[in-house]
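Student: Chains as they are written, first to last, in the numbering used here: chain A, 1 to 225; chain B, 1001 to 1464. Glycine included, every Cβ here is placed at the ideal spot set by N, Cα and C. Could you have a look at this structure, given as structure tokens, before my questions?
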Amino acid sequence: MRILLVEDDETLASFIESGLREAGFAVDHACDGETGLHMAVAEPYDAAVVDIMLPRLDGLSLIEQLRSEKNNIPVLILSAKRSVSDRVQGLQTGGDDYLTKPFAFSELLARIQALIRRNSGKSEPHTLQVGDLTMNLLTRNVTRGRTKIDLQPLEFSLLEYLIRNAGNVVTKTMIMEHVWDYNFDPQTNVVEVGVCRLRDKVDKNYETKLIRTVRGVGYVLEKET
Amino acid sequence: MFLRKKHSLLHTLAFRLAVYYAVIFTVSSFLAFMIFYLIISSIIQDNRDQDLLGDLREFTAIMQNKGLEEAKSAALLETKGDGEHNSFIRFFTMNGQEIMSSDLSSWRNMKVSRLALSEISRGTDHVFETMHVQGRRHKARAVYGSIGDRLVIQIGEYLEDDEELLGVFRSVFSAIMIFIIPFATIIGLLMGRHALHGVEQVTQTAMNISTGDLEHRVSVNTNAEEITRLASTFNYMLDRINALVTGMRNMLDDITHDLKKPIARVRIMAEKNLLSSTGDDPYAASILEECDRLIQMIDTILDTSEAESGSTRLHMQHMDMAGIVRKAYELFFPLAEDKNLNFILDIPESCPMTGDIHKIQRMVANLLDNALKYTPSGGEVAISMKKSDQHVDLSIRDTGPGIPGDELPHIFERFHRGDKSRSEAGFGLGLTLARAIAVSHGGDITVHSIPGHGSTFTITLPDR
């Protein structure tokens, strides 16, 4: 998988680059909009990460030109602006997803993977599986080994989100946004409490613990057991 | 704090102008009619008096030339000619002794005016008298005059024609007045409306601006110089405000961008460190947490300033307020359970309205955050919702420590935190933002609190 990163902040870019390489991607980096556009047209990429505020050619114009040339590469927009109208404008121009700075690298990674997955056009499976944990999305049955696990609707959504991102760290902000559709973090530790409940049902009575806390960052559902 | 207050018609300038106009117009028309009427009636009376005086001169001449008997028969003839119903003639001696009269069958109980007789005896040429006639509707006018030989003649005429003519005038005038009052009121209202149309336009524009739209301008094409000046002054003020707000927005955007850039770098460094190191790195975890806190703080300050300055672009959508509250309740329920709180939800099945979903979610969550944070273990937090025609009231009642009276007015201020809450986490911006969101939706948040027993926060939103 090959990713194009167009970002003028060198420090930030170097960290994103190394992070994506560790996750198994090949990354090319452009420091300004014009170079970014040339690279996107010349090389076949699986996805692009584009900052909005760029020297020489801004991110939105870059996407516009790509789309006018019928280039359908999935694009994730990075921006410091977080208002709804900025987001809507970004998506209308042809962006496929929008992430505001500062962001968690884990979230960036999860979104890039989701974009590539969506673009590959694979049909959605009815059953999700990690280790001995199985989740049926139609019957909403969850089993670990042979034992059925009863989950509240919110716990089900939380576990589904963790399984879909299995192996990757999900942050509290990502959980709030994707599981509860809240685009902010409440001051009280609702996420910790929610994950704690889920652990009681999924992990408590088992030798291998699936849900691991990455201190300060978030949670990860281990892929390999 | 609903901006569009119902103003009573009675207090509008247009209505008062209409009333003043109607009163002035009516009073002046009435005065004009009165003067006209007085002049007409005095002319009529004058004519009548000249008529009587002419008769008096005639009889004086007959008396002088032909004697009393001839005068008497002339009197009978004269009254017969006019009709005994309409006129009469009497002859008196100076002391009031009646010596002759015409047919007085229509003129019952006629007195003799002693005053007039004594004036005549003192040499006055003639004296007029207006008198009531017993049993008849109209009055009569009479003249006393000396006709020589110490004799006095009284010639009287019934005033039926004169008074009926004046009566016609009076009824025509009253009919016109009855039309004039409503007519003047309507004209006054139209004039007031027309004069104040420009002012109304300025008001409309001001209303639009208070909802955050700074692009509107008042039209300056009016006939009235005063309104044109008001409009252009107002427009000038709008230009200034627009420039200031745009400048402030840009500055906020710049600050946000410049502040977030270094935070983004620090954050990703800490995160990489945590993700790659095998064991826990306590410093990196703390740095990450502080970064997140800083980001939240910047975002909350920006959201609050935007909402307070009215420059937020609300993303208005149809939504179910009950659904949002129910979801928030489910989200916070495990937390309440862990804290051993009695968490009660009592809201209608659904409550459709219009609003910015994410902002409303945040407002509700902030208040629930607070209530759950400050209520001690074993206490109670209750959510209730009431829907009326005009607005929706959402109340969140807790059994926390309550808020002392002297702190109540300040709890919505930025960075205000009650003494009791200093040990708890938070930035002191939650309530400020919640209220700013309510206000930007045209509503408000009020608080009722009894120290030692708990507080109730009530969000009121207009049902649009």
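#1: Since residue 130 (chain A) and residue 221 (chain A) are thought to touch, with beta carbons under 8 Å apart, how far apart are those beta carbons, to the nearest angstrom?
#2: Please tell me whether, using a cut-off of 8 Å, the distance from the CB of residue 1043 (chain B) to the nearest non-hydrogen atom of the ligand ZN is below it.
#3: Tell me the DSSP secondary structure of residue 1220 (chain B) in three-state form.
#4: Quick one: what's got a C-beta closer than 6 Å to residue 1208 (chain B)'s C-beta in the same chain, skipping five residues either side?
#5: Taking Cβ to Cβ, would you say residue 1151 (chain B) is nearer than 9 Å to residue 1068 (chain B)?
#6: Can you give me the C-alpha to C-alpha distance between residue 1424 (chain B) and residue 1364 (chain B), rounded to a whole angstrom?
#7: Suppose the cutoff is 8 Å on Cβ atoms and the five residues either side in sequence are ignored; what does the same chain contact list for residue 1157 (chain B) look like?
#8: Among B:1096, B:1258, B:1355 and B:1106, whose alpha-carbon lies nearest the alpha-carbon of residue 1462 (chain B)?
#9: Taking just the CA atoms, how far does residue 174 (chain A) sit from residue 183 (chain A)?
#10: Counting only beta-carbon atoms, is residue 222 (chain A) nearer than 9 Å to chain B?
#11: Measure the beta-carbon distance from residue 1331 (chain B) to residue 1298 (chain B) and round it to whole angstroms, keeping in mind my assumption that it falls under 8 Å.
#12: Here's the rule I'm using: 16 or more other beta-carbon atoms within 10 Å means buried, otherwise exposed. How should residue 1194 (chain B) be labelled?
#13: According to DSSP, is residue 52 (chain A) helix, strand or coil?
#14: Which residues does DSSP pair with residue 1460 (chain B) in a beta bridge?
#15: Using CA atoms only, rank isn't needed, just tell me which of B:1430, B:1400 and B:1252 is closest to residue 1339 (chain B).
#16: DSSP beta-bridge partners for residue 1062 (chain B)?
#17: Along the chain, where does the beta strand (DSSP E) that runs through residue 1352 (chain B) open and close?
#18: Please report the residue range of the beta strand (DSSP E) in which residue 184 (chain A) lies.
#19: Examine chain A for any beta-carbon lying closer than 9 Å to the beta-carbon of residue 1471 (chain B), and answer yes or no.
#20: Between B:1134, B:1109, B:1145 and B:1104, which lies nearest to residue 1122 (chain B) when the distance is taken from Cα to Cα?
#21: Whole angstroms is fine: what's the gap from residue 1218 (chain B)'s alpha carbon to residue 180 (chain A)'s?
#22: Apart from the five residues just before and just after residue 1411 (chain B), which ones in its own chain have a Cβ nearer than 8 Å to its Cβ?
#23: Please identify the residue among A:1, A:32 and A:80 whose C-alpha is closest to the C-alpha of residue 8 (chain A).
#24: Could you work out which residues of chain A lie near residue 1430 (chain B), taking near to mean beta carbons separated by less than 7 Å?
#25: List, in chain order, every chain B residue whose beta-carbon is nearer than 7 Å to that of residue 19 (chain A).
#26: Could you tell me which residues DSSP puts in a beta bridge with residue 1131 (chain B)?
#27: Tell me the DSSP secondary structure of residue 1384 (chain B) in three-state form.
#28: If you drop the 5 nearest sequence neighbours on each side, which residues of the same chain put their C-beta closer than 6 Å to that of residue 1465 (chain B)?
#29: Could you pull out every unbroken beta strand (DSSP E) segment of at least 3 residues lying fully inside the segment 136–213 of chain A, listed in chain order?
#30: In three-state DSSP terms, what is residue 1425 (chain B)?
#31: Kindly list, in the order they appear in chain A, the residues whose Cβ is closer than 7 Å to that of residue 1358 (chain B).
#32: Less than 9 Å between CB atoms is the rule here; does residue 211 (chain A) satisfy it with respect to chain B?
#33: If we count the other Cβ atoms within 10 Å of its Cβ and call it buried at 16 or more, is residue 1203 (chain B) buried or exposed?
#34: Should the segment 128–147 of chain A be called in touch with the segment 9–22 of chain A, which here means at least 3 C-beta pairs below 8 Å?
#35: Mark residue 223 (chain A) as exposed unless 16 or more other C-beta atoms lie within 10 angstroms of its C-beta, in which case mark it buried.
#36: I'd like the span of the beta strand (DSSP E) that includes residue 128 (chain A), first residue to last.
Tutor: Reading it off the structure:
#1: Here residue 130 (chain A) refers to the residue found at position 130 of the first sequence. Here residue 221 (chain A) refers to the residue found at position 221 of the first sequence. The Cβ separation is near 6 Å, so the contact holds.
#2: The ligand content of the structure shown is nil, which means the ligand ZN is not present either.
#3: Here residue 1220 (chain B) is taken as the residue at index 220 of the second sequence, counted from 1. Coil, per DSSP.
#4: As a first step, residue 1208 (chain B) must be located in the second sequence, where it is residue number 208. Correct list, in chain order: 1216.
#5: In the second sequence, the residue the question calls residue 1151 (chain B) occupies position 151. In the second sequence, the residue the question calls residue 1068 (chain B) occupies position 68. Against a cut-off of 9 Å, the Cβ pair of residue 1068 (chain B) and residue 1151 (chain B) comes out as a contact.
#6: In the second sequence, the residue the question calls residue 1424 (chain B) occupies position 424. In the second sequence, the residue the question calls residue 1364 (chain B) occupies position 364. Low local confidence applies: a pLDDT of 44 at residue 1424 (chain B) is under 50, so the model's placement there is unreliable, and no value is given.
#7: Sequence index remark: in the second sequence, residue 1157 (chain B) carries index 157 (1-based). Here the set comprises 1048, 1051, 1052, 1082, 1086, 1087, 1140, 1141 and 1142.
#8: Counted from its first residue, the second sequence places residue 1462 (chain B) at position 462. Here the closest residue by C-alpha is B:1355.
#9: For the purposes of this step, residue 183 (chain A) is identified with residue 183 of the first sequence, where counting begins at 1. For the purposes of this step, residue 174 (chain A) is identified with residue 174 of the first sequence, where counting begins at 1. Cα to Cα, the separation comes out at about 9 Å.
#10: Here the question's residue 222 (chain A) lines up with position 222 in the first sequence. For residue 222 (chain A), the answer is no, since every Cβ of chain B falls outside 9 Å of its Cβ.
#11: Here the question's residue 1331 (chain B) lines up with position 331 in the second sequence. Here the question's residue 1298 (chain B) lines up with position 298 in the second sequence. Contact flag wrong, Cβ pair sits at about 24 Å.
#12: The residue given as residue 1194 (chain B) occupies position 194 in the second sequence. Per the 10 Å Cβ criterion, exposed.
#13: Against the first sequence, residue 52 (chain A) aligns to sequence position 52. It is coil, neither helix nor strand.
#14: Locating residue 1460 (chain B) in the second sequence gives position 460, where the first residue counts as 1. DSSP, once it has assigned bridges, lists B:1393 and B:1444 as partnering residue 1460 (chain B).
#15: Within the second sequence, numbered from 1, the residue matching residue 1339 (chain B) stands at position 339. Ranking the options by Cα distance to residue 1339 (chain B), first place goes to B:1400.
#16: Taking the first residue of the second sequence as 1, we reach residue 1062 (chain B) at position 62. Partner(s): none; residue 1062 (chain B) has no beta bridge.
#17: Stepping through the second sequence from its first residue, residue 1352 (chain B) is reached at position 352. Note, residue 1352 (chain B): beta strand (DSSP E), 1352–1355.
#18: The count along the first sequence starts at 1 and reaches residue 184 (chain A) at position 184. First-last for residue 184 (chain A): undefined, no H or E at that position.
#19: With chain B represented from 1001 up to 1464, any question about residue 1471 (chain B) goes unanswered, as that position is not in the structure.
#20: Taking the second sequence and counting its residues from 1, the one referred to as residue 1122 (chain B) is at position 122. Among B:1134, B:1109, B:1145 and B:1104, the Cα nearest to that of residue 1122 (chain B) is on B:1145.
#21: Numbered from 1 along the second sequence, position 218 holds the residue referred to as residue 1218 (chain B). Numbered from 1 along the first sequence, position 180 holds the residue referred to as residue 180 (chain A). For residue 1218 (chain B) and residue 180 (chain A), the distance between alpha carbons rounds to 45 Å.
#22: For the purposes of this step, residue 1411 (chain B) is taken as residue 411 along the second sequence, with counting starting at 1. Result list for residue 1411 (chain B): 1403, 1418, 1431 and 1447, in chain order.
#23: Reading the first sequence from its first residue, position 8 is the one you call residue 8 (chain A). Per the Cα distances, A:32.
#24: On the second sequence, position 430 is the one that residue 1430 (chain B) refers to. Neighbours of residue 1430 (chain B) on chain A, chain order: 187.
#25: Residue numbering aside, residue 19 (chain A) sits at position 19 when the first sequence is read from its first letter. Within chain B, the residues near residue 19 (chain A) are 1272.
#26: Here residue 1131 (chain B) refers to the residue found at position 131 of the second sequence. According to DSSP, residue 1131 (chain B) bridges with B:1140.
#27: Translated into the one-based positions of the second sequence, residue 1384 (chain B) becomes position 384. Three-state DSSP puts residue 1384 (chain B) in a strand.
#28: Only positions 1001 to 1464 of chain B appear in the structure, and residue 1465 (chain B) is not among them; the question remains open.
#29: 142–144, 147–149 and 169–171
#30: Sequence index remark: in the second sequence, residue 1425 (chain B) carries index 425 (1-based). Only weak support is given to the placement of residue 1425 (chain B): the predicted model assigns it a pLDDT of 43, under 50, and the value that follows is read from those uncertain coordinates. Taken through DSSP and simplified to helix, strand or coil, residue 1425 (chain B) comes out as coil.
#31: Here residue 1358 (chain B) refers to the residue found at position 358 of the second sequence. What residue 1358 (chain B) touches in chain A: 183.
#32: For this step, residue 211 (chain A) is matched to residue 211 along the first sequence. With 9 Å as the cut-off, residue 211 (chain A) does not count as an interface residue toward chain B.
#33: Residue numbering aside, residue 1203 (chain B) sits at position 203 when the second sequence is read from its first letter. Residue 1203 (chain B) should be labelled exposed.
#34: no
#35: As a first step, residue 223 (chain A) must be located in the first sequence, where it is residue number 223. Exposed: under 16 other Cβ atoms inside 10 Å.
#36: Position 128 of the first sequence, counted from the start, is the residue given in the question as residue 128 (chain A). That run of the beta strand (DSSP E) goes 127–130.
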